[in-house]
Amino acid sequence: MASISLKNLVKKYDDGFPAVNDVSIDIADGEFVILVGPSGCGKSTLLRMIVGLEDITSGDLFIDDRRVNDKAPRDRNLAMVFQNYALYPHLTVFENIAFPLRLAKGKFREEEVQERVRAAATTLELTDHLERKPGNLSGGQRQRVAMGRAIVRQADAFLFDEPLSNLDAKLRGQMRAEISQMQRRLGTTSVNVTHDQTEAMTLGDRVAVLKKGELQQIASPRELYEQPVNLFVAGFIGSPSMNFLPATAEGTMLKTPIGDMEVPDALAAQAASREVVLLGIRPEYFEDASLVEESKLGRGTVFSAELSHTEWLGNEQYGYIHFEPSPEVKDLLDGLARDLDADELRPQVVVTLDAASRIRGGRTAELWLDTRRLHVFDPATGENLTRDAEAGAALTQEANRERAEEIERAGRDAAEAG
Amino acid sequence: MKTTTPRTRITWILITIVVAVYALFPVFSILATSFKEPSDLSNGKLLPTNWSGVNYEQILVGDAQELFLTSLRNSIGITLIATAVAVVLATLCAYAIARLDFPGKKLVLTTALAVSIFPVISIVTPLFNVWRTIGLYDTWLGLIIPYLSLTLPISIWTLAAFFRQIPWELEQAAQVDGATSWQAFRKAIVPLAAPGVFTTAIIAFFIAWNDFVYGISLTSTEAARPVPAALAFFTGASQFESPTGAISAAAIIVTIPVVLLVLGFQRQIVSGLTQGAVKG
Chain C
0 MASISLKNLV KKYDDGFPAV NDVSIDIADG EFVILVGPSG CGKSTLLRMI
50 VGLEDITSGD LFIDDRRVND KAPRDRNLAM VFQNYALYPH LTVFENIAFP
100 LRLAKGKFRE EEVQERVRAA ATTLELTDHL ERKPGNLSGG QRQRVAMGRA
150 IVRQADAFLF DEPLSNLDAK LRGQMRAEIS QMQRRLGTTS VNVTHDQTEA
200 MTLGDRVAVL KKGELQQIAS PRELYEQPVN LFVAGFIGSP SMNFLPATAE
250 GTMLKTPIGD MEVPDALAAQ AASREVVLLG IRPEYFEDAS LVEESKLGRG
300 TVFSAELSHT EWLGNEQYGY IHFEPSPEVK DLLDGLARDL DADELRPQVV
350 VTLDAASRIR GGRTAELWLD TRRLHVFDPA TGENLTRDAE AGAALTQEAN
400 RERAEEIERA GRDAAEAG
Chain D
0 MKTTTPRTRI TWILITIVVA VYALFPVFSI LATSFKEPSD LSNGKLLPTN
50 WSGVNYEQIL VGDAQELFLT SLRNSIGITL IATAVAVVLA TLCAYAIARL
100 DFPGKKLVLT TALAVSIFPV ISIVTPLFNV WRTIGLYDTW LGLIIPYLSL
150 TLPISIWTLA AFFRQIPWEL EQAAQVDGAT SWQAFRKAIV PLAAPGVFTT
200 AIIAFFIAWN DFVYGISLTS TEAARPVPAA LAFFTGASQF ESPTGAISAA
250 AIIVTIPVVL LVLGFQRQIV SGLTQGAVKG
């Protein structure tokens with residue numbers, strides 16, 4: 000059990016390219032932090048710096064107030080699960096899990112090793128496979144063996160490097176739940192690297208979003224979703240991702256390519272501070288106007304737009320509205336798409352509609368938009384002009400409280416079971 | 000699995016038979032010759048008229064016994080030592096080349112390659128003079144050192160290629176699990192490299208075992224003369240008899256360890272040992 004503290008960490012390669020640039024994160028004891036970002040954002044490098052496989056160019060790394068910059072990996076007492084599992088193919092599952100214990104010579108008696116490995120195997124449901132070689136196991140089982148090797152010794156923290164990326168979708172969901180429960184039960188500080196935002200949102204107490212080696216925002220998943228600091232975070236978190244629409248303010252009206260919208264005064268004031276702003280609208284802020292209750296209608300604005308096509312998914316449906324952006328806005332959106340690792344951001348707005356909606360593509364439809372939840376971004380800097388820092392902080396605090404409760408409950412359950 | 004049609008199967012079987020006959024016929028010819036009586040040698044037939052063990056008798060218990068058995072002992076001793084030294088040195092060297100980034104890495108590899116393609120015959124005369132001066136002529140060490148120059152380059156190249164295949168993560172995982180660099184090498188890498196090391200050892204053994212030029216040039220007595228060189232010193236029972244039968248018998252005996260080695264190590268050269276280390 001330990002806290003990990005990253006202070007202005009920098010990793011520069013020989014050619015001077017900063018893979019990680021001035022990242023500071025405080026990870027509390029027992030917290031589950033996710034490092035997320037598009038490929039090449041330095042998240043894996045950062046994890047490998049923590050575990051000691053990558054040198055730190057400058058900055059300080061503390062584990063429990065102990066500066067470990069110059070410590071070898073084996074002296075940091077951290078456990079790591081590699082993306083490709085890195086199991087020892089010549090050893091049985093039992094010996095793979097026992098490997099860290101056997102290395103700590105003289106520290107564990109044979110019975111202790113047996114007992115600990117059996118306990119870890121029971122936790123991970125590997126008891127039937129202990130005598131097999133990793134080559135004969137399925138992907139999910141190998142993943143479990145790799146986790147077994149991590150939990151068998153009392154490491155200060157678990158570090159996961161894209162642990163689920165090699166599993167198929169179904170297994171991924173299952174292992175995600177298992178990792179989450181295991182982390183709560185053991186209450187061990189964990190850091191997980193992923194590019195999958197579902198994994199980030201569901202596993203993390205806090206999620207650190209990285210872009211080109213720089214930390215953009217670290218907050219609870221809800222804060223990231225509802226109060227992103229900038230365009231990048233807003234675009235990265237959420238699926239389907241946030242729509243960005245150029246808008247110009249005229250009084251309390253915003254003129255956008257898909258129609259004019261009446262917005263609250265505060266929002267309009269922010270929008271008026273720049274000539275053109277980018278309006279950030281999550282797909283679910285839209286609704287089929289005919290399905291919105293009378294009481295809610297007043298909280299938003301109704302406008303008409305033509306949907307090019309719709310996709311019905313059973314529980315909801317997606318509608319698509321095309322628009323022609325001006326060249327400057329198109330460049331901006333393309334740049335953002337490159338940052339986000341996508342090919343290009345199609346100039347279209349995705350709207351989520353109720354599954355019961357009869358709106359179909361090719362027809363003009365009345366859409367309702369919840370204008371209270373819109374965000375306004377500065378197109379030049381990407382800064383979120385309407386971010387409510389206090390509301391965001393409150394969301395993260397709430398997540399922290401929940402984590403404390405969950406760990407306590409898991410501890411209680413374990414005590415009762417034991 | 001690929002499905003094979005009967006036609007391709009038959010083609011493959013035919014090719015296999017042709018290659019096998021081409022490769023094994025000379026061996027069989029020597030085997031047959033080794034069982035011929037001296038008077039039978041020039042009978043113009045492949046098979047001996049009477050199968051006789053007289054040649055084997057001659058080299059194992061008869062006149063040529065001393066010449067053959069001491070040279071056999073020399074060959075085994077020198078080759079085993081040269082192989083062992085080459086494999087240990089090459090393992091360490093290849094590991095460094097595969098894993099570490101150090102100045103002169105390319106130089107080591109190119110030098111090794113250059114040494115291995117350098118014609119042996121061109122260095123044997125200077126070496127003869129040097130060895131005579133410093134007293135290594137006609138000693139085991141005097142042969143082991145040149146044999147290393149033959150076996151090391153190829154060992155380094157094959158092992159380096161082998162080490163590069165082993166996922167680096169295994170070593171890093173071992174280090175995170177609490178191993179020192181040496182422990183990670185010994186416990187995670189060496190066991191995985193074992194098939195490669197065995198293969199390399201066999202190649203190195205053959206090279207040293209089959210050498211003739213150094214063997215004949217750098218020795219003069221039974222103190223260090225290896226079998227390939229000793230075969231040239233066989234004489235017939237009288238000066239009118241050619242020693243072909245004895246040489247054939249000796250050649251067959253010399254082939255036996257090689258065959259045994261391959262059969263013995265075959266089990267160790269298990270390909271696919273690395274499967275399952277990482278998600279394939």
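Taken in sequence, the protein lines are chains C and D. Numbering that gives the first Met the number 0 puts the first residue of the first sequence at 0, with every later residue one more than the last. Numbering that gives the first Met the number 0 puts the first residue of the second sequence at 0, with every later residue one more than the last. A virtual CB, placed ideally from N, CA and C, is assigned to each residue, including glycine. These figures come from a predicted structure and were not determined experimentally.
Beta-carbon proximity check, residue i vs residue j, cutoff 8 Å
i                         : j                            : result
leucine 60 of chain C     : methionine 48 of chain C     : yes
arginine 148 of chain C   : proline 99 of chain C        : yes
glycine 258 of chain C    : alanine 304 of chain C       : yes
asparagine 399 of chain C : aspartate 204 of chain C     : yes
glycine 318 of chain C    : glycine 212 of chain C       : no
asparagine 191 of chain C : valine 348 of chain C        : no
valine 151 of chain C     : arginine 108 of chain C      : no
tyrosine 94 of chain D    : phenylalanine 197 of chain D : no
leucine 368 of chain C    : methionine 260 of chain C    : yes
tyrosine 422 of chain C   : alanine 145 of chain C       : For chain C, the structure presents residues 0 to 417; residue 422 of chain C sits outside this window and is missing.
alanine 223 of chain D    : glycine 141 of chain D       : yes
alanine 413 of chain C    : arginine 184 of chain C      : yes
leucine 366 of chain C    : phenylalanine 302 of chain C : yes
threonine 82 of chain D   : alanine 200 of chain D       : yes
valine 50 of chain C      : valine 175 of chain D        : yes
valine 226 of chain D     : valine 119 of chain D        : no
lysine 210 of chain C     : glycine 36 of chain C        : yes
threonine 205 of chain D  : valine 257 of chain D        : Checking the sequence shown, residue 205 of chain D turns out to be phenylalanine, not threonine. Yes; because the gap between Cβ atoms is below 8 Å, this pair is in contact.
serine 247 of chain D     : serine 33 of chain D         : yes
glycine 76 of chain D     : tryptophan 139 of chain D    : yes
beta-carbon residue i near the ligand ZN non-hydrogen atom, thresh 7 Å
i                       : result
glutamate 94 of chain C : This structure lacks the ligand ZN, and indeed carries no ligand of any kind.
Among the options, nearest to residue i - alpha-carbon criterion
i                        : options                                : result
alanine 409 of chain C   : C/Arg73, C/Ser179, C/Gln153            : C/Ser179
arginine 75 of chain C   : D/Thr10, D/Ala178, D/Leu45             : D/Ala178
alanine 85 of chain D    : D/Gly244, D/Thr4, D/Ile153, D/Ala248   : D/Ile153
glutamate 94 of chain C  : D/Ala22, D/Gly195, D/Ala187            : D/Ala187
tyrosine 284 of chain C  : C/His321, C/Gly237, C/Arg175           : C/Gly237
glycine 138 of chain C   : C/Asn165, C/Ser189, C/Leu158           : C/Asn165
leucine 45 of chain C    : C/Ile26, C/Val9, C/Ala71               : C/Val9
glycine 279 of chain C   : C/Leu384, C/Thr395, C/Phe31            : C/Leu384
glutamate 280 of chain D : D/Glu65, D/Phe101, D/Ile16, D/Tyr213   : The shown model of chain D, from 0 to 279, leaves out residue 280 of chain D, and the question about it has no answer.
glycine 58 of chain C    : C/Ile26, C/Arg372, C/Ser4, C/Glu30     : C/Ser4
serine 38 of chain D     : D/Ser28, D/Ala97, D/Ile165, D/Asn54    : D/Asn54
aspartate 377 of chain C : C/Gly172, C/Asp353, C/Leu230, C/Lys106 : C/Leu230
glycine 313 of chain C   : C/Gly134, C/Ser356, C/Tyr87            : C/Ser356
valine 19 of chain C     : C/Pro227, C/Asp54, C/Ala71             : C/Asp54
leucine 217 of chain D   : D/Trp130, D/Glu36, D/Ile29             : D/Trp130
valine 464 of chain C    : C/Ala154, C/Leu332, C/Glu286           : Outside the displayed span of chain C (0 to 417) sits residue 464 of chain C, for which this structure offers no information.
leucine 266 of chain C   : C/Glu225, C/Gln226, C/Arg371, C/Ala341 : C/Arg371
arginine 273 of chain C  : C/Glu249, C/Ala288, C/Gln140, C/Ala392 : C/Glu249
alanine 172 of chain D   : C/Thr188, C/Leu102, C/Asp340           : C/Leu102
DSSP beta-bridge partners of residue i
i                            : result
tryptophan 367 of chain C    : C/Glu286, C/Val301
phenylalanine 376 of chain C : C/Leu277, C/Asn383
leucine 90 of chain C        : Paired residues: none, contrary to the question.
threonine 188 of chain C     : C/Ala156
valine 9 of chain C          : C/Ser57
valine 206 of chain C        : C/Ile33, C/Ala218
threonine 193 of chain C     : C/Val35
Contiguous beta strand (DSSP E) assignments of at least 3 residues, all confined to the stretch 306-360 of chain C:
308-311, 315-321, 347-353
Which whole runs of the alpha helix (DSSP H) in the stretch 208-270 of chain C are 4 residues long or more, in chain order?
220-225, 230-235
Below 9 Å between beta carbons is the criterion; list the residues of the stretch 190-202 of chain D that meet it against any residue of chain C, in chain order.
Of all residues in the stretch 190-202 of chain D, only Pro190, Leu191, Ala193 place a beta-carbon less than 9 Å from a beta-carbon of chain C.
Completely contained beta strand (DSSP E) runs for the stretch 155-179 of chain C, where each covers 3 or more residues
156-160
The stretch 154-185 of chain C: which residues have C-beta closer than 7 Å to a C-beta of chain D, in chain order?
Asn165
Which full runs of the alpha helix (DSSP H) of 4+ residues lie inside the stretch 145-215 of chain D, going along the chain?
167-175, 180-183, 189-209
Select from the stretch 169-184 of chain D all residues with a C-beta closer than 8 Å to any C-beta belonging to chain C, and list them in chain order.
Leu169, Gln171, Ala172, Ala173, Gln174, Val175, Asp176, Gly177, Ala178, Thr179, Gln182
Scan the stretch 89-100 of chain C for residues whose Cβ lies nearer than 7 Å to a Cβ of chain D and list them as they occur along the chain.
His89, Phe98, Pro99
Taking the runs of the alpha helix (DSSP H) that are 4 residues or longer, which of them lie wholly in the stretch 105-134 of chain C?
109-122
Which residues, in chain order, does the stretch 125-153 of chain C contribute to contact with chain D at a C-beta distance below 8 Å?
Lys132, Pro133, Gly134, Asn135, Leu136, Gly138, Arg141, Arg148, Arg152
Listed from N- to C-terminal order along the chain, which residues in the stretch 62-83 of chain D have their beta-carbon within a distance smaller than 9 Å of any beta-carbon of chain C?
none
Just by C-beta distance, which residues in the stretch 102-118 of chain C are closer than 9 Å to chain D?
Leu102, Ala103
What runs of the alpha helix (DSSP H), each 4 residues or longer, lie entirely inside the stretch 12-82 of chain C?
The DSSP assignment places 42-50 as complete runs of the alpha helix (DSSP H) inside the stretch 12-82 of chain C, in order along the chain (cut-off: 4 residues).
When you check each C-beta in the stretch 100-132 of chain D against every C-beta of chain C, which residues fall closer than 7 Å?
none
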